Amino acid sequence: MLFVSRLLYGTYSAFLTPTFNDQVCNQKAPGTFEASPLNCNEFFMCRSGRPVLFSCPKNMYFDVASSSCGHQALCAGHDASLGNGEGIGPEYTPIETNPSRLVASSTACHGAPVGAVRLDTTGCRAFYQCTKAGPLRLECPVGTLFDSNRMFCEAADVASCAFEQNTGPSTGNGAGNLLNLLCVGKKVGTKYGHPTNCTQYFLCNGRNVAQLFTCPRGTAYHKERKVCDFANNVNC
């Protein structure tokens, strides 16, 4: 039986400020998921500028306790002071996305706790939220990509994201196999700089495969710090 409880009215009252983005994402780190005060089926991804509006699949609701969609959810209370969200300036209107969907066949959330966020290893247009019902695939809005380092939807021209294809034994000299050997037995997130391209690096996906990433424009991979840094700070 569906069980949806609501927090007492006033949960959001302490955060209300003149703009919708501030009301929902006030002092929240980019990538934070926040419940919609208008609709229990919806939630926001906080980021600089306009937040991203996601919706849970049919008959699922955003659970504020686990920060994930679920059939049983502790739902944020409706805030009447926000009306229906109309009249908000365009610079603060949330960016809407395509519907989310459960992908039972995905192994993205294997061993991950409920509420965890995982990369979509097939590309950077989407990511997975780990729920009790299974991996939930969420697509970033048009013009953005999922930044694999900062873990939120970022403008496509500055996002650090994976190429569409995984590196593999596609070259005649076996370079793909050699790169994958770097990741054998390595935990998810282990990084290695590209041997010939300073703007790229490899990320181990936890399944003995090296995935190629590119740094945002104007930056290069800093092998000692293991982050994308301003190009003039990198000895290439």
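Quick note, the sequence shown lines up with residues 1 to 236 if you use UniProt numbering. In this text, a Cβ means the ideal position worked out from N, Cα and C, and glycines have one as well. Note that the coordinates shown come from a computational prediction; the quantities given were computed from them, not determined experimentally.
At the C-beta level, L102 and G123 stay beyond 8 Å of one another. By the neighbour-count criterion, in which a residue is buried when 16 or more other Cβ atoms sit within 10 angstroms of its Cβ, C236 is exposed.
DSSP places P135 inside the beta strand (DSSP E), whose first and last residues are G134 to E139. Counting other Cβ atoms within 10 Å of its Cβ, E139 reaches 16 or more and is therefore classed as buried. Contact annotation: A231 and G218 have beta-carbon atoms nearer than 8 Å. In this structure, N205 lies away from V184, with their beta-carbon atoms at least 8 Å apart. If you draw a straight line from the Cα of G143 to the Cα of V52, it is about 12 Å long. In the DSSP assignment, S55 falls within the unbroken beta strand (DSSP E) covering V52 to S55. With 16 or more neighbouring CB atoms inside 10 Å of its own CB, N149 falls in the buried class. In this structure, DSSP gives L181 a helical state, which the three-state scheme calls helix.
By the neighbour-count criterion, in which a residue is buried when 16 or more other Cβ atoms sit within 10 angstroms of its Cβ, E224 is exposed. Judged by their CB atoms, F54 and A35 are not nearer to each other than the 8 Å cut-off.
The beta carbon of L203 sits closer than 6 Å to the beta carbons of K191, Q211 and F213 from its chain, once the five residues preceding and following it are set aside; these are given in chain order.
Just so you know, the alpha carbons of P30 and G115 end up roughly 16 Å apart.
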